[in-house]
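S.K.:
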Amino acid sequence: MSAVLSEANPDERRMLADSVAGFVRQGKDNNGVHRARAVKAGASPLDRETWQQMADLGWLGIAVPEASGGLGLGVGELAVVAEGLGGEAAPEPFVATAFAQAVLAGCDNAELVDELLGASATGDTLLAVAWQPAVASLALDELDERLEGGRLTATRRLVQPSGADVFVVAVRDENGLALYRLPCDTPGVTVETQTQVDGHAVATLVCDGVELGAADCLAAGAVGEAALLRGLCVARVAASAELLGLADRLFTLTSDYLASRKQFGAQLSSFQVLRHRAVDLYIQRELMRNALRQAVRAFDSGADLVAVQRAAARAKSRCADAALKIAREAVQLHGAIGYTEEADVGVYLRRVIALAAWLGNATAQRREYARLTRAAA
Amino acid sequence: MSAVLSEANPDERRMLADSVAGFVRQGKDNNGVHRARAVKAGASPLDRETWQQMADLGWLGIAVPEASGGLGLGVGELAVVAEGLGGEAAPEPFVATAFAQAVLAGCDNAELVDELLGASATGDTLLAVAWQPAVASLALDELDERLEGGRLTATRRLVQPSGADVFVVAVRDENGLALYRLPCDTPGVTVETQTQVDGHAVATLVCDGVELGAADCLAAGAVGEAALLRGLCVARVAASAELLGLADRLFTLTSDYLASRKQFGAQLSSFQVLRHRAVDLYIQRELMRNALRQAVRAFDSGADLVAVQRAAARAKSRCADAALKIAREAVQLHGAIGYTEEADVGVYLRRVIALAAWLGNATAQRREYARLTRAAA
Amino acid sequence: MTDWNELSDADFRAQIRAYLEAEYPQHLRHPSHRMRWHEVREWYLKRAADGWTAPGWPVEHGGVGLTPSKQLIFTEEQERLGVARAPDQGVIMVGPLLIRYGTPEQREKYLPRILSWENIWCQGYSEPNSGSDLASLRTQADDDGDHYIVNGQKTWTTLAQDATHMFVLARTDPNAARKQQGISFLLVDLDTPGITIRPIENIAGHEEFCEVFLDNVRVPKANLVGEPNDGWTMAKALLGFERLFLGSPKQSQNALSRLDVFATARGLHDDPAFSDAFTTLALDVADLSEAFESFAAQVRAGEPLGADISWLKIWGTETFGRIAELALQAADSEAVLVDGQDAGDESVDVLTLYFNCLPTTIYGGSNEIQRNILAKQVLRLPG
Amino acid sequence: MTDWNELSDADFRAQIRAYLEAEYPQHLRHPSHRMRWHEVREWYLKRAADGWTAPGWPVEHGGVGLTPSKQLIFTEEQERLGVARAPDQGVIMVGPLLIRYGTPEQREKYLPRILSWENIWCQGYSEPNSGSDLASLRTQADDDGDHYIVNGQKTWTTLAQDATHMFVLARTDPNAARKQQGISFLLVDLDTPGITIRPIENIAGHEEFCEVFLDNVRVPKANLVGEPNDGWTMAKALLGFERLFLGSPKQSQNALSRLDVFATARGLHDDPAFSDAFTTLALDVADLSEAFESFAAQVRAGEPLGADISWLKIWGTETFGRIAELALQAADSEAVLVDGQDAGDESVDVLTLYFNCLPTTIYGGSNEIQRNILAKQVLRLPG
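Line by line, the protein sequences are chains G, P, B and A. Everything in the first sequence is counted per the UniProt record's numbering, starting at 1 for the first residue and increasing by one. Everything in the second sequence is counted per the UniProt record's numbering, starting at 1 for the first residue and increasing by one. Everything in the third sequence is counted per the UniProt record's numbering, starting at 1 for the first residue and increasing by one. Everything in the fourth sequence is counted per the UniProt record's numbering, starting at 1 for the first residue and increasing by one.
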């Protein structure tokens, strides 16, 4: 059972979870694991047909207001879908899209926001947030390349999905942090890519004197900063949910393997050491569920930004940490086969590594949590 | 086999180890564990008769030059005795005495040093180093209460043994750090005591305008500082050896218990989880041996002060850490009885806690090691 | 008399909190070790006079008759204030047992004396060679007409030295097919000839447990609870929502808060190494608390607890252990002092934290046993 | 010809170091994954021409005849420079086996071709369902007059795709009382009809292992080594001082030094949290190295290695794992990049460190098996 089902809107969320489960398991030749392997081999993580199906099911509009053509639901529903996709290691940029949408939802250029969210919810326009500076820091005050005279010369790292049609780019100007719309084909924009452990391309967005007009400004000053910070929280919680889905399946794969495999004339699951290690993985998974549940509740209950930031940092640190532990042990408990592509463990492990690091890993999130806690005290 | 036997002077060290083993196991009614329990119940850790025997065997003069009535041996031999005493949880202040002697050995007031070392080697005079400031820091530059006009008003914490006849007190004067002889009955000296986890009293030495004359000065300036630093290294290595002795016995007690005790109709040692945990304790003990061996070799080979400091910090951090791990697991693997005075585990555990913290615990030693390593780089 | 169950949870909590704040002595709050009866007697007699000895017992037997949800609030409020535990086996075990399985005579004789603390009960389950394998117990009760003759030894009997009575699992049919069979549940007056109680000193220097020797102790058959040879079933049936409290976050929360006091006084939070370690543990406690609340919600909803509750005990006790270890490291060379460490205006006692964490992974079913249970009953791994 | 054993250890080391420094190609030093034969072929043929293929074999069989002590120095110097391993099962396993148990014809046929790398051998031990329980192997060799007919499947066969020959453990007596009996040791030419080799892709994307399918493969009885049904004894007897290298500190040292490069470039050593974690690992490696030296001294003194060597493998591989995990954390969101992380003038590849650490706790006898061995053979715990 999903961690977030038992709280707000339990029935709706359960239906959604069932729908995701049904979707991701369709057909062995194109299920999530299959598509993830294809991405590792060079395919785009964006299988257009699959993406369109997800749009048609409404998932790309979950957190988009109804007025903009979305479902107007919350982080809980995003988490349900992300967990389901994680369960099948599906490579689609669902959480990255949720990140961009959440940032947009906090912006105050209503017309532009509406247009972008609408196009994103239908699957027509792929969005990505470009916010980390060249040395991929998490601290917004290290974003020191400024927008001057309406032109931006700056580098933004680790942008996902790399094939976005429109970037939501974070810049500094005289009022503080601002967010701008930046179509990928704007003159002066170069998109370089690097390959990530799971085969996904991540972009380095290089802006060389790119013109950013007032019409492209999504939000500025305090509004812009809050939009980015809140968007980061949504993304971290959605990533935590995907990590839970991945870890949960790794746990199941591993206990099934222990229960089915024999060695020295006995089932692996009869060896006490392996039984206890399986229990320790189970505990890690339970911790993930609990950390995720409180984070979703923070959003459901309309907590303020700092409370949401703390809840998101807590969820992401736990989920990143526990998922890596579970994935690593899954390899070990599978033995040699776990280290090969014969098993699915590697597909899940690579995605866990990628998501655990995305937007700040467990160590970084714990520091963020400590910082916020001390600031609040 | 002791960790340090296979290196320099193997035959002599083996004979010494045998002699210690024979000594500490004498008579059930007055062996080390028995005496340690008595100390916990309020007795002095200095059983005068036992102490005299140790003096007669030459152990109190191991590292004292032959000219001062000692054996003129090295840290390896100190370690052999300390390990042996640890094996029986003997409460005698052997390593504390070795600390004071090692500090004295680095001082340049030859006549005074000779007198104190001689009296210490015979067991007639009990020495203790008083060097930690009120907030029990390890950093010598935090010793900021100064000797002014020949008078000292200062507090020295965690001094062992608390019943010392003569303190070797570290003070600051205009030339830096100096070491002075301070008999316990000097006017202005108050010795307050606190009880330590193993029942030993530790002293807070309060000096209120105590007169310290030039005749009492053991060493000053760079010589004094080096004497204290080198003495700390000797003490840390000797404490590491005692920790090894304690941990080794805890390991043996635990594996014997597992091998002898039945539950659910089977020997505890037949449960794979417990077998593997015993193996992990064995590995910890092996690591202690290796860390101790390199430290003794550093002394044997006449390495310079920084090299000796690094080796001692490495040995102490490993031995403190591993001994605590072993002790904690020994309680757990013994089950409920391990938490009671019925078993000997608690006697060893308490001594491990005390020694692990003495002169800086594992965390502090690792920082010291990092500092020395970076300074050397 | 107030029907407490009629109150809203918030009102009930407020009233209980006010009562405890007003009545529970300051100096007994958050004790660092298990209190002896003479230390808490006055408070518990006052509570008995106010009718609060047995919040969970039915009203007709002298209890308050609280719903599980209200009982939980009562317990939470006690924990919040650090109310010391009584030698409460009579309230927790014997009362519910007699209400369910006892004869009218047994109820009439014992229940009022439990409520008034005239009788104080201890639990005679564990034996020197049974360890975690309780069903292998060897204390023997031989039929001697209208008495049983009991011989054997019990151990880890919490506060037997303060008790007047002990309930005992004893073997009445040594030839039963399974070791769980042939065990009976007996009520024993500790004044009966043949009983010797010897306190066991623990490594922290306290005497929380005892050994109890039974040498030809004559126990009237009237003191048999339930059917002969049916003791194991009854003992198991009594494991109720109290299991939840083996996984309570209180010990960890308390330990973390003591460490926080020390760290704040010593400026340790400015050291990123300490801060990272502390935050990791703070999050471990936070997730433990969240999980505890989730299980508590089950209890509130009247749902039975499953075997999965075992993970809470593992995580809670091991988190407590890690906090205690960090505290020991943080106090460095001062950690050894038995009277605690100065922390601004307060004193923090890291040694007591450390000693207190040690038995938690052993008692209440060792963490190894809990992992066995989870592997079998929750993960259903073939064995 | 130089009698290398006559040299002092220091002189020998100096000469070997000079030779390797001069001859071993720069670009092949410290490779991040196992090299294929075409990548190292040129170097090993040069070495063969210089007479250095088999430092440990006796001179009369074409080896250098080094003492164990000198062999160790040779190996240490190779490790120091990060010399890539060849597909060297012929040198390590087949040669010593034939020298000890082979027929004169077998020696004459195979030894020179091993020395010249004309024949490259791989090891056909593991099977899909045998895992750590090697003796449960099921590959069958049926007697067919002057041939065996071999059927079965081998797996985890390192670099079989580069090999010309494979030595195979196969069951020749399925009715033997113990599963270790009835196994024979066969030499198989991989060109024999019925053999299919399929590389296995590992999760880091490399093809280091293969599956080898044997379908009615005819193996001449002349290729049986030793007595029929005696293969297990021989396979075990061949485990020599190479076991030492399962516990080599080199991987950990290398990983630590890569992490150090990254940390120095990024200023991480100034962060006490990182510094504490790094120092802990540096000391773990230091104590591993000290222990390795101590076991190496045993080998140098000609003493056999005991079962206690197993702890070195556990500690070494688990330390490697902790270093890789710290590196992954240290690189934070950049850790995911497959082309490595910028570190000043260099690039550090934390992902490769991480992927490389994963199999080390599995191969060469998993760490669980090593703990079983230690519990039984060293701690002698009754089972």
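No residue lacks a Cβ here, since even glycine has one placed at the ideal position from N, Cα and C. Treat the numbers as computed from the prediction; the structure is a model and nothing was measured.
Report the option in P/L359, P/Y282, P/L158 whose CA atom is closest to the CA atom of A/R380.
M.R.: Of the candidates P/L359, P/Y282, P/L158, the one whose C-alpha sits nearest the C-alpha of A/R380 is P/Y282.
S.K.: Can you list, in chain order, the residues of its chain whose CB lies under 8 angstroms from that of A/P174, leaving out five sequence neighbours each side?
M.R.: Here the set comprises Q140, G182.
S.K.: What residue range does the alpha helix (DSSP H) around A/C357 cover?
M.R.: Its alpha helix (DSSP H) spans residues 350-360.
S.K.: Assign B/Q377 to buried or exposed, taking buried as 16 or more other Cβ atoms, counted over all protein chains shown, within 10 Å of its Cβ.
M.R.: Classification of B/Q377: exposed, given that the 10 Å Cβ count is below 16.
S.K.: With a 10 Å radius around its C-beta and 16 neighbouring C-beta atoms as the bar for buried, classify P/H200 as buried or exposed.
M.R.: Buried, because 16 or more other Cβ atoms sit within 10 Å of the Cβ of P/H200.
S.K.: Quick check on this structure: which residue in G/A376, G/T125, G/L152, G/E92 has the alpha carbon closest to the alpha carbon of G/A36?
M.R.: Comparing Cα-Cα distances from G/A36 to each of G/A376, G/T125, G/L152, G/E92, the minimum goes to G/E92.
S.K.: Do P/Q101 and P/L127 have their CB atoms nearer than 9 angstroms?
M.R.: Cβ distance < 9 angstroms, so P/Q101 and P/L127 count as in contact.
S.K.: Relative to the C-alpha of A/L353, which residue among A/Q161, A/T279, A/D260 is closest?
M.R.: Here the closest residue by C-alpha is A/D260.
S.K.: Anyone know if the C-beta pair for P/V197 and P/G118 falls short of 9 angstroms?
M.R.: No, these two residues do not count as a Cβ contact at 9 angstroms.
S.K.: Let me see if you follow: with CB-CB separation under 9 angstroms, is A/A331 close to chain G or not?
M.R.: Yes, A/A331 lies at the interface with chain G (some Cβ there is under 9 angstroms from its Cβ).
S.K.: Run through DSSP, which three-state label would G/Q132 get?
M.R.: If DSSP states are grouped into helix, strand and coil, G/Q132 belongs with the strands.
S.K.: Does chain G have any CB closer than 9 angstroms to the CB of P/M1?
M.R.: Unreliable positioning characterises P/M1 in this predicted model, as indicated by a pLDDT of 44, which lies under 50. The coordinate reading is nonetheless provided below. No, because no Cβ of chain G sits closer than 9 angstroms to the Cβ of P/M1.
S.K.: Looking at chain A, is there any beta carbon in it that lies within less than 9 angstroms of the beta carbon of B/A273?
M.R.: Yes, because at least one Cβ of chain A sits closer than 9 angstroms to the Cβ of B/A273.
S.K.: Say whether chain G places a C-beta atom closer than 9 angstroms to the C-beta of A/Y354.
M.R.: Cβ-Cβ to chain G under 9 angstroms: yes for A/Y354.
S.K.: Per the DSSP calculation, P/K262 is bridged to which residue(s)?
M.R.: According to DSSP, P/K262 bridges with P/Q267.
S.K.: Is it buried or exposed, P/T97, if we count other Cβ atoms within 10 angstroms and call 16 or more buried?
M.R.: The residue in question, P/T97, is buried, as its Cβ has 16 or more Cβ neighbours within 10 Å.
S.K.: Would P/A82 pass as a contact of P/G245 if the rule is Cβ separation under 9 angstroms?
M.R.: Yes, these two residues count as a Cβ contact at 9 angstroms.
S.K.: CA-CA distance, P/D165 and P/Y369?
M.R.: So the two alpha carbons sit approximately 33 angstroms from each other.
S.K.: Assuming the contact rule is C-beta atoms closer than 8 angstroms, P/C233 and P/A357 should be a hit. Round their C-beta distance to whole Å, please.
M.R.: No, P/C233 and P/A357 are not in contact; Cβ-Cβ is about 17 angstroms, not under 8 angstroms.
S.K.: For a contact meaning CB atoms closer than 8 angstroms, what does P/L272 contact in chain G?
M.R.: What sits at residue 272 of chain P in the sequence shown is Gln, not Leu. Chain G residues near P/Q272: F271, Q272, V273.
S.K.: Name the residue from P/A105, P/V296, P/L147 whose alpha carbon lies nearest to the alpha carbon of P/G209.
M.R.: Checking every option, the nearest Cα to that of P/G209 belongs to P/L147.
S.K.: With which residues is A/A343 paired in a DSSP beta bridge?
M.R.: A/E346, per the DSSP bridge assignment.
S.K.: Tell me, to the nearest whole angstrom, how far the beta carbon of B/L159 is from that of B/C122; I am working on the premise that it is less than 8 angstroms.
M.R.: About 6 angstroms; that satisfies the 8 angstroms criterion.
S.K.: Take every Cβ of the region 199-211 of chain B, pair it with every Cβ of the region 337-345 of chain P, and state whether three or more of those distances are shorter than 8 angstroms.
M.R.: Taking 8 angstroms as the limit for Cβ pairs, the verdict is that the region 337-345 of chain P does touch the region 199-211 of chain B.
S.K.: Tell me the rounded alpha-carbon separation between B/L224 and G/V345.
M.R.: For B/L224 and G/V345, the distance between alpha carbons rounds to 57 angstroms.
S.K.: Going by C-alpha distance, which of G/G231, G/S240, G/T155, G/Q160 is nearest G/C207?
M.R.: If we check each option's Cα against that of G/C207, G/T155 comes out closest.
S.K.: Is the Cβ of A/G256 closer than 9 angstroms to any Cβ of chain P?
M.R.: This sequence places Leu at residue 256 of chain A; Gly is not what is there. A/L256 does not count as touching chain P.
S.K.: For the beta strand (DSSP E) containing B/D143, list its first residue and its last residue.
M.R.: Start and end: 140-144.
S.K.: Identify whether B/W52 lies in helix, strand or coil by the three-state DSSP scheme.
M.R.: In the structure shown, B/W52 sits in coil (DSSP, three-state: anything other than H, G, I, E or B).
S.K.: Within its chain, find whatever has a CB closer than 7 angstroms to the CB of G/A239; leave out the 5 residues flanking it on each side and keep chain order.
M.R.: If we look at G/A239 and ignore the five residues flanking it on each side, its Cβ neighbours are V95, K316, L355, W358, L359.
S.K.: Residues of chain B with CB closer than 8 angstroms to the CB of A/D276, please, in chain order.
M.R.: Simply A273.
S.K.: Short check: CB of B/V285 to CB of B/P249, under 9 angstroms?
M.R.: Yes, the Cβ-Cβ distance between B/V285 and B/P249 is below 9 angstroms.
S.K.: Could you name the residues of the same chain whose beta carbon sits closer than 6 angstroms to that of A/T192, not counting the 5 residues immediately before and after it, in chain order?
M.R.: So the qualifying residues of the chain are V217.
S.K.: Classify A/S8 as buried or exposed, calling it buried when 16 or more other Cβ atoms lie within 10 Å of its own Cβ.
M.R.: By the neighbour-count rule (16 or more Cβ atoms within 10 Å), A/S8 is not buried but exposed.
S.K.: For the alpha helix (DSSP H) containing A/G321, name the first residue and the last one.
M.R.: Segment 310-330, the alpha helix (DSSP H) holding A/G321.
S.K.: Whether or not the region 79-96 of chain A and the region 156-171 of chain A are in contact is what I'm after, with contact meaning three or more pairs of Cβ atoms, one per stretch, closer than 8 angstroms; do they touch?
M.R.: Yes, they touch.
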